[in-house]
Amino acid sequence: MDLFFKYLQYEKRYSPHTLTSYYTDLGQFSQYLNEVYQITDPAEADHTIIRSWLLTLVQNNIKPRSINRKIACLRSYYRFLLAQQRVQTNPMLRIKAPKATKKLPAFVHEEPFNHLLDTFEFEENFEGQRDRLILEFLYGTGIRLAELTGIEHTDIELRAKTVRVLGKGNKERIVPLNDSLLHSIETYLEYKKSQFDNNNSGNLLVTNKARPLYPKFVYRVVKKYINMITTSEHSSPHTLRHSFATHLLNKGADLNAIKDLLGHASLAATQVYTHNSIDKLKSIFEKAHPKA
C-alpha cells in the first residue's frame with residue numbers, strides 16, 4: 001500500500017485531498033477484509049468479496065458519490081497490483097458503480113454577496129483585511145481552496161494583474177485579477193507588513209501567528225460571512241467558486257473561457273454550470289422571442 005500511495009503522489013501527482021480520501025477508503029476496505037474474511041492482503045480479495053463490502057456500504061446508507069469514490073480508489077489500486085504482478089486478474093473489471101444523482105452546484109446570488117463586500121465594514125486591521133481578501137480572492141478568481149492556501153507572494157504580479165496558481169496534477173495556470181481584488185491585496189499587504197515587521201515572504205495569506213492558512217480556517221471565515229446573507233447550508237469556499245462560474249455564465253462569458261479560468265481538464269466538468277443558468281435563459285427568451 002505504501003508503494004501504491006507513493007505512485008499516486010509522485011507519478012500520478014494526485015492532490016493531497018484525493019490522497020487522504022484514498023488512504024481512508026483503502027484503510028476501511030482492509031479493515032473489512034480482516035474482520036469479516038480474515039484476509040490481511042487485499043491482493044487475495046476477489047470480485048465477490050469486493051461486492052460484499054460495497055453492499056455493506058449501501059446498507060449503512062453511505063451516499064452513492066462516496067461509494068463511487070471508493071470504487072475509483074479500488075480500481076486504481078488493483079490496476080497498480082496488476083502492473084506490479086501482485087494479482088493475475090483485476091477483480092474490479094466485474095464491479096459496476098452505482099448511479100449517483102448529479103447535484104447542481106450551490107452558489108450565492110450576485111446582488112447580496114456584492115452588497116456584503118461593498119457595505120460591510122471589515123475591521124481596519126490585519127485580521128479584518130485578511131478576511132475580506134479571502135472572500136474576494138475566492139469569488140474574484142474562482143480558484144480552489146488548496147490553490148488559495150498555496151499562493152505565495154512571488155505568485156502575485158500586481159502590474160500584470162495576474163496570479164499564478166498550482167492546480168490539480170501540479171498544473172500551473174495564470175488567473176487575472178480584477179481592480180477591486182488588486183486593491184484588497186495591496187491593502188492587506190500594508191497591514192501584513194505592519195503586523196509582522198515587513199515580513200512579506202512565503203505564503204500570501206497567513207494566520208495571526210504568520211503560519212500558512214489551513215482549510216478549516218478558510219472554511220470558518222467563508223461560513224461566517226456567507227451566513228450573513230443566506231440561510232442556505234451551502235457556505236463553503238467551493239460555493240464561491242461555483243458562484244464565480246455561474247455569475248460569469250449569466251453575464252454571457254464563453255464556456256471555454258470559464259473552463260480555463262477554473263482549471264478544468266475538460267469542458268464536461270464546466271457544463272454543469274449551464275443548468276444553473278436556466279432561469280437567466282428563460283428570462284432572455286421571454287424578453288426576446290416574439291412568441292414568448
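Position 248 of the sequence shown, counted from 1, bears residue number 248 in the UniProt record's numbering, the numbering being contiguous throughout. Each residue gets a CB set at the ideal place from its N, CA and C atoms; glycine is no exception. Source: prediction; values computed, not measured.
How would you call residue i, buried or exposed, if buried means at least 16 neighbouring beta carbons within 10 angstroms?
{"i": "H115", "result": "exposed"}
{"i": "I284", "result": "exposed"}
{"i": "R241", "result": "buried"}
{"i": "E147", "result": "buried"}
{"i": "I174", "result": "exposed"}
{"i": "T141", "result": "buried"}
{"i": "K282", "result": "exposed"}
{"i": "G167", "result": "buried"}
Measure the C-alpha to C-alpha separation of residue i and residue j and round it to an integer number of angstroms.
{"i": "Y23", "j": "F5", "result": "8 angstroms"}
{"i": "Q9", "j": "S15", "result": "7 angstroms"}
{"i": "S21", "j": "K70", "result": "9 angstroms"}
{"i": "I156", "j": "K103", "result": "34 angstroms"}
{"i": "G263", "j": "F126", "result": "30 angstroms"}
{"i": "L255", "j": "D41", "result": "46 angstroms"}
{"i": "V108", "j": "E136", "result": "13 angstroms"}
{"i": "L181", "j": "L158", "result": "10 angstroms"}
{"i": "H275", "j": "V36", "result": "44 angstroms"}
{"i": "residue 303", "j": "I185", "result": "Nothing can be reported for residue 303, as the shown portion of the chain is limited to 1 through 292."}
{"i": "L138", "j": "K171", "result": "18 angstroms"}
{"i": "K216", "j": "K287", "result": "44 angstroms"}
{"i": "S52", "j": "D25", "result": "15 angstroms"}
{"i": "Q59", "j": "L19", "result": "26 angstroms"}
{"i": "G128", "j": "I95", "result": "51 angstroms"}
{"i": "T48", "j": "Q38", "result": "15 angstroms"}
{"i": "S30", "j": "G252", "result": "49 angstroms"}
Under 8 angstroms by Cβ, that's how I've got residue i and residue j pegged, so tell me the actual separation to the nearest angstrom.
{"i": "Y273", "j": "T246", "result": "5 angstroms"}
{"i": "Y219", "j": "P237", "result": "7 angstroms"}
{"i": "P91", "j": "I50", "result": "6 angstroms"}
Whose C-beta lies closer than 7 angstroms to the C-beta of residue i among residues of the same chain, with five residues either side of it excluded?
{"i": "R130", "result": "Y188, L205"}
{"i": "N227", "result": "S235"}
Can you name, in chain order, every residue of its own chain whose Cβ lies under 8 angstroms from the Cβ of residue i, other than the five neighbours on each side?
{"i": "H202", "result": "The sequence given here places Gly at residue 202; His does not occur at that position. Excluding positions up to five away in sequence, the list reads E152, H153, P212."}
* Counting Cβ pairs closer than 8 angstroms, one from the region 199-209 and one from the region 75-94, do we hit at least three? -> As far as the Cβ criterion goes, the region 199-209 does not touch the region 75-94, which means the pair count is below three.
* Cβ contact check for the region 51-69 and the region 81-90: 3 or more pairs under 8 angstroms -> The region 51-69 is not in contact with the region 81-90.
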